[in-house]
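Quick note on numbering: the working numbering labels position 304 of the sequence shown as 456, and the sequence is numbered without any gaps.
Idealized CB from N, CA, C, for every residue including glycine.
Notes for the one structure printed next.
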Amino acid sequence: MMGIFHDLENYGHEQVVFFHDKESGLKAIIGIHSTVLGPALGGCRMWNYADEAAAVRDVLRLSRGMTYKAAVAGLNLGGGKAVIIGDARTQKTDEMMAAFARAVESVGGRYITAEDVGMSVKDIDLVRQYTSHAVGGSNEGGSGDPSVMTAFGVFQGMKAALKHAGLGERLEGVKVAVQGVGNVGYHLCSYLSAAGAKLIITDIYPKSVERIVQEFGAEVVAPDEIYAVDCDVFAPCALGAILNNRTIPQLKCKVVAGSANNQLETDANGFALQAKGITYAPDYAINAGGLINVAAELDGYNAELVHLKVSRIYQTIEDILQRSTKEGILPHQAADALAEQRLDEVRNSTNAPKSFQNPSRQNADRTKKLVIAR
Ligand code: NAD
153 MMGIFHDLEN YGHEQVVFFH DKESGLKAII GIHSTVLGPA LGGCRMWNYA DEAAAVRDVL
213 RLSRGMTYKA AVAGLNLGGG KAVIIGDART QKTDEMMAAF ARAVESVGGR YITAEDVGMS
273 VKDIDLVRQY TSHAVGGSNE GGSGDPSVMT AFGVFQGMKA ALKHAGLGER LEGVKVAVQG
333 VGNVGYHLCS YLSAAGAKLI ITDIYPKSVE RIVQEFGAEV VAPDEIYAVD CDVFAPCALG
393 AILNNRTIPQ LKCKVVAGSA NNQLETDANG FALQAKGITY APDYAINAGG LINVAAELDG
453 YNAELVHLKV SRIYQTIEDI LQRSTKEGIL PHQAADALAE QRLDEVRNST NAPKSFQNPS
513 RQNADRTKKL VIAR
């Protein structure tokens, strides 16, 4: 592919590997952005990409995002992602999953796969028959549905953002507008309701809305009305790119804190939020609970420890927001700076491995050198 090394240099990737298996029709790409902090963990996305260039772009963008997410979450993991080109509903076969597993196995533990769009728990179970470098299956020691911990992390980060915005961290009586009450949105509403918050919700799927109304009580608005709702917090838990030129002028909230990935359509939208005096909890920092949960499988899943680590998202969001104020930068820039600082610290530590090579040696080295789990 023309220009691929230019892209790798731009994004800062260590390795991108293409796989083809004639029998099963597998066309897969594994993107390993960084193994500075440890093996590169990230889900596999199966998607019917318009063309191969779109698949490459996606794997590069997503794997880099995982490096930053793991770094900010205080995990000893690098950033990676895989994509399989094809329609998950019509083209996925057991043979293809087996071929994908062999591809994962062939990179020798530098990449650990998990679920993403188009891949199910069942697929991961199959993949695990051929490689141990996969997490998120239903096996014994599996971490289960990540959305509960994602929601718990968002709940913690929301409290820190409210405090930063001068509203105090108590949620009693605080009005929270939740966009999307699917897996994460449901659990977030549960935490918020237990803390005495007032819920205003929307979803395009009426059954999900009814469930929240019945279980927790909530005011319901139409999908397009959620932005202009009079509230303290807007919690995007559905789509990406929903903080944009059309929606930001409508917002009446003081805080944006939700689970959706890539909430800002462009970096400029971060400035627009700031100009309106809205405190933004950066998406990949506040929604890391699911990653922390799945990563815990690597050390032997311990629910109590996961709960503790996810609760530290409060501190992470507080640190990011304080840094953004102190340095006069936007919250998402402060999150990036925190990630880069952690990566630099490890890169510059004299005897730190420059990249992940050998799982056993790396684990021993990492335990000695890193102060983690903030
Ligand atoms: P989900 O599919 O279970 O829920 C999303 C909900 O949003 C659905 O109920 C859907 O009907 C609704 N929705 C879609 N378009 C909408 C619209 N225009 N207006 C209102 N509602 C709309 O997904 P999820 O697992 O709850 O994840 C929610 C978001 O959080 C996604 O952006 C996801 O990438 C992100 N995220 C999830 C996790 C996790 O652990 N599940 C972790 C990190 C990030």
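Give me whichever residues DSSP pairs with residue i in a beta bridge.
i	result
V372	I353
D173	L178
A387	V330
V168	G183
Is residue i near the ligand NAD - that is, is its Cβ less than 8 Å away from at least one heavy atom of it?
i	result
M301	yes
Q331	yes
S258	no
D527	With the chain covering 153 to 526 only, the question about residue 527 has no answer from this structure.
A390	yes
A349	no
V336	yes
G289	no
D451	no
P434	no
A412	yes
G309	no
Y343	no
Y201	no
Is residue i helix, strand or coil by DSSP?
i	result
C405	coil
G294	coil
A192	strand
T431	strand
G232	strand
S284	coil
E267	strand
L473	helix
K478	helix
S360	helix
I394	coil
R494	helix
L323	coil
R197	strand
L416	strand
What does the alpha-carbon distance come out to for the pair residue i and residue j?
i	j	result
A525	V273	Residue confidence is low: A525 scores 29 on pLDDT, short of 50, so the model does not pin down where it sits. No coordinate-derived value is stated.
N510	Y263	In this prediction, N510 has a pLDDT of 45, which is less than 50 and means its spatial position is unreliable; nothing more can be read from the coordinates.
Y432	T302	17 Å
F423	V306	22 Å
T283	L450	14 Å
D297	A205	32 Å
M249	F157	28 Å
A202	G238	10 Å
D159	V169	14 Å
G164	G369	47 Å
S360	G441	22 Å
A240	G320	45 Å
T468	G429	21 Å
V458	C389	22 Å
G270	F252	14 Å
V235	Y220	19 Å
K478	R213	29 Å
E166	V188	10 Å
N396	N421	6 Å
Which word fits residue i, buried or exposed, when buried means at least 16 other C-beta atoms lie within 10 angstroms of its C-beta?
i	result
H172	exposed
P483	buried
G410	buried
E267	buried
A286	buried
D435	buried
N454	exposed
Q402	exposed
D488	buried
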